[in-house]
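When the letters of the sequence shown are read in order and numbered with the numbering used here, they come out as residues 997 to 1346.
Virtual Cβ for every residue (Gly too), placed ideally from N, Cα, C.
Given the structure is predicted, the values throughout are model-derived calculations rather than measurements.
This report concerns only the one structure given below.
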Amino acid sequence: MFFASDNWAGAHPNIVAGLSAAAGGFATAYGDGALDQAVYIRFNEIFEREVAVFFVATGTAANALSLTTFNKPGGISFAHRESHVIEDECGAPEYFSGGARLHAVDGALGKIDAHNLERTIGRFAPEIVHWGRPMAVSITQSTEVGTIYGLNEIETISAIAKRHSVPLHMDGARFANALVALDTTPAEMTWKRGVDILSFGGTKNGCWCAEAIVLFDLDRAKELAFLRKRAAQLFSKSRFVAAQFEAYFKDGLWLDTARHANAMAARLAAAIEDSAHAKLAWLPQANEVFAVIKKTEAERLQAAGAAFYDWHKPHGFDGHIGEDELLYRFVTSFATSAEEVDRFGKLIAG
């Protein structure tokens, strides 16, 4: 019963087969091989326009380099207070940008509130050298607490960013999970709503080590190529990342794995709702489920083989957490089975 993280899951068998198929022979290195080129074209097809694609190893690299692409002296990027770029990147965006800052914006349950964003950016007049100046806005889709920005919400935030002449970055570590939950297209959830650059995640959804930066502003591509090399993220044998994405996209595998993970989260949420020993904190929208459970009950579940973590109370959560309770996070993945969810459901019901 592995609900600690979708990072705990292995690689999908189709991804493994793709890696194996690419293992033999010789291919042009550094992203210029035939398989690399074919995958770049596939990204163009998926996003319904020409995009620049840069393979990287981790979501941290994707986020840090995405924001650094729009770096400027005194630059400030705005993100949700509990976003991954602020809380979980160990200062990587600041490091790679050479000192650009991240500024927190409030909003309920992981999502930037548009009014707060407008007010926060407005505090930093770009002509006043002492304060620093706006550089970018970053949103996470789906968020750190499993919520999802609707298409209109993305468009609203993008409009604010554009009014202040800054780009919009999307941290899409769980991009596919949000995409299938909204039942929309990659184009509609990104550039058609004003997203300028995307951290496109594959690792959490069945890949072994495959992340990409998808750049919609092609004029920035040459600069980003140098930034990626300087950050030690240019793979020589990049065909092994391309092979993963080739298998990931084939026959819609990436959408199927995301749908499965989301369905398992809904199944898990239903089991928690039916339990007398736990209460659902809020309804899941993707593949993360949050519940309030007594500490002793959580310890019993973990001792029985369930892996999950306690979590901090997010901004905007107004539910009650007793002194003997904690908030816990459960994450499902492509590898989560209905059997293990049901086994957990029996444990928590008893």
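* To do: Determine the direct distance from the alpha carbon of alanine 1345 to that of arginine 1119, and round the result to whole angstroms.
  => 50 Å
* **Three-state class that DSSP yields for isoleucine 1153 in the structure shown** => helix
* Asked: Could you check where the beta strand (DSSP E) with aspartate 1167 kicks off and where it finishes?
  -> 1164–1168
* Opposite proline 1130 in the DSSP bridges: which residues? -> Ile1072
* Asked: From lysine 1290 to alanine 1274, what distance separates their C-alpha atoms?
  -> 7 Å
* Asked: Would you report the Cα separation of serine 1079 and histidine 1160, rounded to the nearest angstrom?
  -> 21 Å
* Under three-state DSSP, which class holds phenylalanine 1236? -> helix
* Asked: Considering only C-alpha positions, which residue in the set Ala1331, Lys1309, Ala1019 is nearest to glutamate 1321?
  -> Lys1309
* Asked: In whole angstroms, what is the alpha-carbon distance linking aspartate 1102 and serine 1016?
  -> 45 Å
* arginine 1231 versus Tyr1026, Gly1021, Gly1094, His1165, residue with shortest Cα-Cα distance -> Rather than arginine, the amino acid found at residue 1231 in this sequence is phenylalanine. Phenylalanine 1231 has its Cα closest to that of Tyr1026, out of Tyr1026, Gly1021, Gly1094, His1165.
* What are the complete alpha helix (DSSP H) segments, minimum 4 residues, inside the stretch 1089–1115? -> none
* In the structure shown, what three-state DSSP assignment does tryptophan 1307 receive? -> strand
* Asked: According to the neighbour-count rule (16 or more other Cβ atoms, all chains shown, within 10 Å of its Cβ), is valine 1125 buried or exposed?
  -> exposed
* Do the stretch 1098–1115 and the stretch 1141–1152 meet, that is, are 3 or more Cβ pairs less than 8 Å apart? -> yes
* What is the rounded straight-line gap between the Cα of valine 1288 and the Cα of leucine 1249? -> 33 Å
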